[in-house]
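Engineer: Chains as they are written, first to last, in this note's numbering: chain A, 30 to 270; chain B, 30 to 270.
Protein chains: 2
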Amino acid sequence: MLTIKRLAEYVGVTVRAVRHYHQTGLLPEPERDASGYRRYPAQAVVDLIRIRTLTAAGVPLTRVHELMRADPAEFAAAIDEINQGLAKQIEELRQRQSGVAALQAGDRMFLPAEITDYLDRLRELGVSERGVRFERDGWIVLAASYPDQVPRWIAQKQEQLADPDFRQFYVTYDQAHDWDPADPRLHDLADVMAARLRQEAAQTVHEVLSADEKSLLGQHVRDFSPAWIRLDELVRQRTTS
Amino acid sequence: MLTIKRLAEYVGVTVRAVRHYHQTGLLPEPERDASGYRRYPAQAVVDLIRIRTLTAAGVPLTRVHELMRADPAEFAAAIDEINQGLAKQIEELRQRQSGVAALQAGDRMFLPAEITDYLDRLRELGVSERGVRFERDGWIVLAASYPDQVPRWIAQKQEQLADPDFRQFYVTYDQAHDWDPADPRLHDLADVMAARLRQEAAQTVHEVLSADEKSLLGQHVRDFSPAWIRLDELVRQRTTS
DNA sequence: TCGAAGGCTGACGCACCGTCAAGGTCAAGC
DNA sequence: GCTTGACCTTGACGGTGCGTCAGCCTTCGA
Numbered sequence: 030m031l032t033i034k035r036l037a038e039y040v041g042v043t044v045r046a047v048r049h050y051h052q053t054g055l056l057p058e059p060e061r062d063a064s065g066y067r068r069y070p071a072q073a074v075v076d077l078i079r080i081r082t083l084t085a086a087g088v089p090l091t092r093v094h095e096l097m098r099a100d101p102a103e104f105a106a107a108i109d110e111i112n113q114g115l116a117k118q119i120e121e122l123r124q125r126q127s128g129v130a131a132l133q134a135g136d137r138m139f140l141p142a143e144i145t146d147y148l149d150r151l152r153e154l155g156v157s158e159r160g161v162r163f164e165r166d167g168w169i170v171l172a173a174s175y176p177d178q179v180p181r182w183i184a185q186k187q188e189q190l191a192d193p194d195f196r197q198f199y200v201t202y203d204q205a206h207d208w209d210p211a212d213p214r215l216h217d218l219a220d221v222m223a224a225r226l227r228q229e230a231a232q233t234v235h236e237v238l239s240a241d242e243k244s245l246l247g248q249h250v251r252d253f254s255p256a257w258i259r260l261d262e263l264v265r266q267r268t269t270s
Numbered sequence: 030m031l032t033i034k035r036l037a038e039y040v041g042v043t044v045r046a047v048r049h050y051h052q053t054g055l056l057p058e059p060e061r062d063a064s065g066y067r068r069y070p071a072q073a074v075v076d077l078i079r080i081r082t083l084t085a086a087g088v089p090l091t092r093v094h095e096l097m098r099a100d101p102a103e104f105a106a107a108i109d110e111i112n113q114g115l116a117k118q119i120e121e122l123r124q125r126q127s128g129v130a131a132l133q134a135g136d137r138m139f140l141p142a143e144i145t146d147y148l149d150r151l152r153e154l155g156v157s158e159r160g161v162r163f164e165r166d167g168w169i170v171l172a173a174s175y176p177d178q179v180p181r182w183i184a185q186k187q188e189q190l191a192d193p194d195f196r197q198f199y200v201t202y203d204q205a206h207d208w209d210p211a212d213p214r215l216h217d218l219a220d221v222m223a224a225r226l227r228q229e230a231a232q233t234v235h236e237v238l239s240a241d242e243k244s245l246l247g248q249h250v251r252d253f254s255p256a257w258i259r260l261d262e263l264v265r266q267r268t269t270s
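1) Identify which residue in Glu-103(B), Ala-37(B) and Leu-151(B) has its Cα closest to the Cα of Phe-163(B).
2) In chain order, what residues of the same chain lie with their CB nearer than 7 Å to the CB of Ile-80(A), ignoring the 5 residues before and after it?
3) Spatial neighbours of Glu-242(A) within its chain, please: C-beta separation below 6 Å, excluding the five flanking residues on both sides.
4) What residues of chain B sit near Phe-139(A), judged by a beta carbon separation below 7 Å?
5) Give the DSSP bridge partners of Arg-61(A), in chain order.
6) Using a Cβ-Cβ cut-off of less than 8 Å, give me the residues of the stretch 127-155 of chain B that come near chain A, in sequence order.
7) Anything in chain B within Cβ reach of Ser-174(A), meaning under 8 Å, just list it in chain order.
8) Out of Asp-62(A), Thr-43(A), Arg-48(A) and Gln-52(A), state which residue places its alpha-carbon closest to the alpha-carbon of Met-30(A).
9) Beta-carbon of Ile-183(B) versus every beta-carbon of chain A: anything under 8 Å?
10) Does DSSP put Leu-115(B) in a helix, a strand or coil?
11) Quick check on the burial criterion: 16 or more other C-beta atoms within 10 angstroms. Buried or exposed for Ser-244(B)?
12) Drop a sphere of 10 angstroms on the beta-carbon of Ala-73(B), count the other beta-carbons inside from all chains shown, and report buried for 16 or more, exposed for fewer.
13) Step through the CB atoms of chain A and report whether any lies within less than 8 Å of the CB of Arg-48(B).
14) Under 8 Å Cβ-Cβ, which residues of chain A neighbour Gln-118(B)?
15) Measuring CB atoms only, is the stretch 108-118 of chain B touching the stretch 99-108 of chain A, in the sense that at least three cross pairs come out at less than 8 Å?
16) I'd like the span of the alpha helix (DSSP H) that includes Ala-134(A), first residue to last.
17) Got a sec? Which residues, its chain only, sit under 6 Å from Leu-137(A) by beta carbon, not counting five neighbours each side?
18) With a threshold of 8 Å on Cβ separation, who are the neighbours of Tyr-147(A) within its own chain once the five nearest residues in sequence on each side are excluded?
19) Buried or exposed for Phe-139(A), please, with buried defined as at least 16 other CB atoms from any protein chain shown within 10 angstroms of its CB.
20) Report the CB separation of Tyr-39(B) from Ala-172(A) in whole angstroms; it is logged as a contact under 8 Å.
21) Would you kindly report the start and end of the unbroken alpha helix (DSSP H) that includes Ser-254(B)?
22) Going straight from the alpha carbon of Val-237(A) to that of Ile-78(B), what length do you get?
23) Between which two residues does the alpha helix (DSSP H) holding His-51(B) run?
24) Starting from Leu-122(A), follow its DSSP beta bridges and name the residues at the other end.
25) Let me check understanding here. Comparing Cα to Cα, which of Phe-253(A), Val-88(A) and Val-47(A) lies closest to Ala-205(A)?
26) Return the chain-ordered list of same chain residues with a C-beta closer than 6 Å to the C-beta of Gln-266(A), the five sequence neighbours on each side being excluded.
27) State yes or no: is the beta carbon of Leu-115(B) nearer than 8 Å to at least one beta carbon in chain A?
28) Pick helix, strand or coil for Leu-56(A), following the three-state DSSP scheme.
29) Under 8 Å Cβ to Cβ from Ser-157(A), same chain only, skipping five residues before and after it: list those, please.
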């Protein structure tokens with residue numbers, strides 16, 4: 030007969046695990062010898078291998094407990110189910126592999142494809158990395174708040190970018206970030222912006238955003254660029270008058 | 030800005046998990062609004078996706094914590110390592126799949142191939158299922174106790190089975206289990222057995238087994254068959270005289 | 001005969017949250 | 001103005017599957 034260590038080593042589990050299985054009633058306690066040591070018959074090896082095989086497959090001990098007493102038909106069905114579960118896990122692990130690999134690729138994989146496409150388009154147009162990041166952050170918040178609207182809004186934005194005037198305006202606005210707040214070009218830019226705002230107010234993102242949210246989206250703008258702050262004032266003068 | 034629930038749902042984790050990450054310092058606590066609610070900027074989404082991607086790959090939170098502040102080279106190396114780990118896990122899962130599938134095939138896959146081959150040979154020779162089970166249990170105990178000797182012993186056994194006289198003897202012994210203890214054939218069988226024992230004592234399994242272990246291996250024999258008990262007596266008379 | 005190795009029974013610890021409990025807050029509808 | 005229901009807060013306990021002492025006893029090999 031076998032000592033607990035021999036049993037455990039042969040099957041490939043720890044002694045602690047075997048005792049744990051006894052404690053929870055999963056593996057029956059064997060007879061003890063004169064000194065109180067556990068002495069295992071061959072059947073314990075078979076039982077323990079079943080347990081280890083199932084737990085290694087991720088089956089919780091309570092479920093293993095049920096399965097040990099299930100009739101063969103139930104058992105076979107359960108085995109089938111477990112194997113399907115394993116197949117699913119393998120699939121998940123594969124996806125996690127690509128997910129982890131994508132971590133090196135920066136933001137590309139984190140965001141919905143429409144958004145990353147849009148951001149790429151901006152980069153192509155010569156928008157600064159800073160500007161792209163502002164857009165990215167804005168769209169992340171929007172996507173989290175109104176996931177099903179974002180594709181439509183993005184489509185609208187892409188349409189706008191088809192207009193050369195708008196592209197010109199967008200790039201200039203991006204560059205204005207670093208201008209001197211006294212730069213006279215800000216007045217021209219403010220004219221264009223005010224006109225555009227009047228034109229588009231009804232049909233874009235603004236339709237669902239509360240004033241509060243709009244101000245929050247624009248907050249980092251005001252945090253960093255004196256020129257943009259000035260521009261904001263100039264536009265405000267033109268739209269409220 | 031985002032509430033905790035929007036953030037959690039967008040990234041695909043639970044609110045509880047996000048708070049847990051705050052508690053452990055893994056994700057920085059964001060600003061609170063007037064009522065004490067957490068308000069998340071876009072960066073939190075990016076951070077949280079990194080965390081989730083790594084933890085989903087099985088990286089412990091403490092390690093994620095380190096990685097969040099690692100420089101790109103370290104990070105890339107870690108990613109590589111993690112991906113290798115995932116590949117290994119996938120391999121393991123595959124093996125577990127076949128392991129689980131084998132549970133339906135009875136004992137075949139539990140035991141070393143030499144042993145199952147040997148047991149199959151016995152079945153071919155007409156040894157009863159009960160006899161095969163006795164052998165199986167004996168070999169399980171032996172394999173667990175002296176794993177590296179078993180192949181040699183099995184080889185010896187297989188050699189013995191090449192001898193037609195031995196095969197005849199073995200099958201007869203197996204059948205004797207159900208004989209009447211007064212059956213006269215037991216005397217003939219005891220003669221053959223005693224002769225064999227004298228011949229083989231030095232070269233087989235007996236060389237390493239303590240008397241204690243031998244008796245334990247034979248115990249179930251004496252538990253169930255009056256004929257075998259009688260046979261044991263008869264053999265003992267012949268070998269001790 | 002002695003020391004190393006192995007056995008026994010508790011009992012605490014751990015990672016990663018799930019799940020109350022016991023509230024406070026916000027948006028919408030009456 | 002008030003209610004209702006969804007959402008937020010902190011705090012604490014629970015659960016799985018053992019790992020890891022601690023403190024003591026038994027067995028084995030030299």
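Glycine is no exception: its CB is placed at the ideal position from the N, C-alpha and C atoms.
Structural biologist: Let me spell this out:
1) Closest in alpha carbon position to Phe-163(B), among Glu-103(B), Ala-37(B) and Leu-151(B), is Leu-151(B).
2) The beta carbon of Ile-80(A) lies closer than 7 Å to those of Tyr-50, Leu-55, Leu-56 and Val-93 in the same chain, with the five residues before and after it left out.
3) Low confidence applies to Glu-242(A): its pLDDT is 45, below 50, so where it sits in the model is not reliable enough to give any reading.
4) Those are Val-75 and Ile-78, listed as they occur along chain B.
5) DSSP lists Arg-67(A) as the bridge partner or partners of Arg-61(A).
6) Shown in chain order are the members of the stretch 127-155 of chain B whose Cβ falls below 8 Å from a Cβ of chain A: Gly-128, Val-129, Ala-130, Ala-131, Leu-132, Gln-133, Asp-136 and Phe-139.
7) Against chain B, a Cβ distance below 8 Å from Ser-174(A) picks out Leu-31 and Arg-35.
8) Here the closest residue by C-alpha is Asp-62(A).
9) Closer than 8 Å: no.
10) Note: Leu-115(B) maps to helix in three-state DSSP.
11) Interpretation of Ser-244(B) is limited by its pLDDT of 47, a score under 50 that renders its predicted location unreliable; the figure taken from the coordinates is listed afterwards. That one is exposed.
12) So Ala-73(B) ends up on the buried side.
13) Chain A contact via Cβ: absent.
14) Here the neighbours are Leu-122.
15) Contact between the stretch 108-118 of chain B and the stretch 99-108 of chain A is absent, with fewer than three C-beta pairs closer than 8 Å.
16) The continuous stretches of alpha helix (DSSP H) do not include Ala-134(A), and DSSP gives it neither H nor E.
17) At residue 137(A) the sequence reads Arg, which differs from the Leu that was named. Excluding positions up to five away in sequence, the list reads Thr-145.
18) Contacts found: Glu-164, Trp-168, Ile-183, Lys-186 and Gln-187.
19) Of the residues assessed, Phe-139(A) falls on the buried side of the cut-off, its CB having 16 or more other CB atoms within 10 angstroms.
20) The Cβ separation is near 7 Å, so the contact holds.
21) For Ser-254(B), no alpha helix (DSSP H) encloses it, and the DSSP letter there is neither H nor E.
22) Only weak support exists for where Val-237(A) lies, its pLDDT of 48 falling under 50; the coordinates are left without a value.
23) Per DSSP, His-51(B) belongs to the alpha helix (DSSP H) from 44-52.
24) Residue pairing of Leu-122(A) in beta bridges, as defined by DSSP: absent, with no partner found.
25) Among Phe-253(A), Val-88(A) and Val-47(A), the Cα nearest to that of Ala-205(A) belongs to Phe-253(A).
26) Around Gln-266(A), the same chain offers no residue with a beta carbon nearer than 6 Å, after the five sequence neighbours per side are excluded.
27) Answer yes: the Cβ-Cβ gap between Leu-115(B) and chain A drops below 8 Å somewhere.
28) In the structure shown, Leu-56(A) falls within a coil segment according to DSSP collapsed to helix, strand and coil.
29) When the five nearest sequence neighbours on each side are left out, the beta carbons in the same chain lying within less than 8 Å of the beta carbon of Ser-157(A) are those of Asp-203, Gln-204 and His-206, in order along the chain.
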